[in-house]
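The structure appears below as structure tokens.
In the working numbering, the protein residues as written are -8 to 420.
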């Protein structure tokens, strides 16, 4: 008050402790800082410690770095983007005066991140509890992606379900008790199934190709709503040890397994089969010699596996490997099993939508199938598709068709097979 103006440009620089300088700044917006003060120079610090009300009352011409010392409630208000244009850019940090923990919405934490990105340093050391508001599901997933150790996502009545990738799920703490939809590529989903699927996961959705390669344990842990293809990749011993109760294959799922694996699950009879359901089956590794090969317990022939399946499956694809000749006596068991499957399905319900025309006999790359035209065109096999599984770098699958006559309809043989037709006599085609 002793300073008087001797001219229009007279100003004062006040040099004192940071604490005393803070005492010059009122919290009442009606009592602004003396207009003659041009600068504040703390003698014991490089910054001022002020409340948020004092920060608002400090004119923009003062560029001193500021640490805000205030209540959790006031700090939360300052971090809400809707309350103004954002936090004062002179603020370099916060000092909570009534606690060490702060609960934020996703939008508030995003505001903290934006300020920290601008400052190049942390604004608050945490910890933070993140309690989401309605519509913040995507923002919460993004925050989990950042792997910020200060953040713990907690349950919120406004966020009953989160959709997360594998990496995001691993960052989700136990404090969130809601449901999780796991949505990731096949690799991410398989990783979660291998490590043990989180109990909060209620649904699995694939990004890109809906095909998973799983062991028996992961197959059992896969939620029932997964729609796509699963390739079973496990030892016969593991399959036998882990799948001890009937596994129901959902209608929207395809299961691919070898005939050896299938034999471990069919248990010697339709009634005791451990594989049930209305999905689609792809049975591979059908090859010569199965009529003498037994299951791991030695009780059953592997070749009987298809004959012990329930009739409920939507479609059956049998893939031939090696050189399989179905024209020699006793070697046409595979065709007989396909016929049996069709007859059983027809017997269950004459109006059943599951049609035998969905079944396929596939010849693998580098493999050869020899079959007679009479076998192929038998009434019980009408509608079955004969196809090839083409693979880069391998020989085209081959089909040898014997006993061909000019009047036969061979349109069910697809063009991805290298087909040789053998005529038993002169024919007009």
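Beta carbons: idealized from backbone N, C-alpha and C, even for Gly. This one's a predicted model, so the numbers in the text were calculated from it and none came from an experiment.
Short of 6 Å from the beta carbon of residue 268, and not among the five residues preceding or following it, lie these beta carbons of its own chain, in chain order: 239 and 240. Within the model, the alpha-carbon separation for residue 5 versus residue 30 is close to 6 Å.
Residue 48 carries a coil assignment under DSSP once its states are collapsed to helix, strand and coil. Here residue 299 carries a helix assignment [DSSP, helix/strand/coil].
In the structure shown, residue 270 adopts coil according to DSSP, grouped into three states. Going by C-alpha positions, residue 187 is about 15 Å away from residue 156. Rounded to whole angstroms, the gap between the alpha carbons of residue 316 and residue 171 is 51 Å.
With a cutoff of 8 Å on beta-carbon distance, residue 352 and residue 375 are scored as near each other. A direct Cα-Cα distance of roughly 21 Å separates residue 385 from residue 247. Per the C-alpha coordinates, the member of 294, 81, 199 and 193 positioned closest to residue 177 is 199. Beta-bridge annotation (DSSP): residue 310 is paired with 353. Pairwise C-beta distances place the region 77 to 94 out of contact with the region 123 to 134, as fewer than three of them are shorter than 8 Å. Using a Cβ distance threshold of 8 Å, residue 264 and residue 299 count as a contacting pair. Shown here for residue 287: same chain residues with a beta carbon closer than 8 Å to its own, the five before and five after excluded, namely 227, 228, 231 and 255 in chain order.
Remark: C-beta atoms of residue 221 and residue 244 approach each other more closely than 8 Å. Per the C-alpha coordinates, the member of 310, 289, 253 and 55 positioned closest to residue 279 is 310. For residue 412, the secondary structure class from DSSP, reduced to helix, strand or coil, is strand. Under the three-state reduction of DSSP, residue 61 is assigned to strand. Residue burial is scored here from C-beta neighbours: residue 32 has fewer than 16 other C-beta atoms within 10 angstroms and is therefore classed as exposed. Distance from the CA atom of residue 144 to the CA atom of residue 252, rounded to whole angstroms, is 43 Å.
Residue 223 and residue 314 have their alpha carbons spaced roughly 24 Å apart.
Following the DSSP letters along the chain, one finds residue 130 in no beta strand (DSSP E) but inside the alpha helix (DSSP H) bounded by residues 128 to 136. Looking at the backbone, the Cα of residue 202 and that of residue 196 are separated by about 11 Å. Cβ neighbours of residue 237 within its own chain (closer than 6 Å, five residues either side excluded): 265 and 267. Cβ neighbours of residue 81 within its own chain (closer than 7 Å, five residues either side excluded): 54, 55, 56 and 57.
Contact between the region 58 to 72 and the region 37 to 44 is established, with three or more Cβ pairs separated by less than 8 Å.
Taking C-alpha positions only, residue 409 is separated from residue 209 by approximately 38 Å. The beta-carbon distance between residue 378 and residue 405, rounded to whole angstroms, is 4 Å. This is short enough to meet the 8 Å contact definition.
About 6 Å separates the CB atoms of residue 394 and residue 365; that is less than 8 Å, so the two are in contact. By the CB criterion at 8 Å, residue 116 and residue 88 fall outside the cutoff. Here residue 190 is exposed, its C-beta having fewer than 16 other C-beta atoms within 10 Å. The beta carbon of residue 289 is closer than 8 Å to none in its chain, skipping five residues each way along the sequence. Residue 225 has its alpha-carbon roughly 13 Å from the corresponding atom of residue 185. As the crow flies, the alpha-carbon of residue 133 is around 14 Å from that of residue 105. The beta-bridge partner set that DSSP reports for residue 174 consists of 196. Per DSSP, residue 119 is one residue of the beta strand (DSSP E) stretching across 119 to 121.
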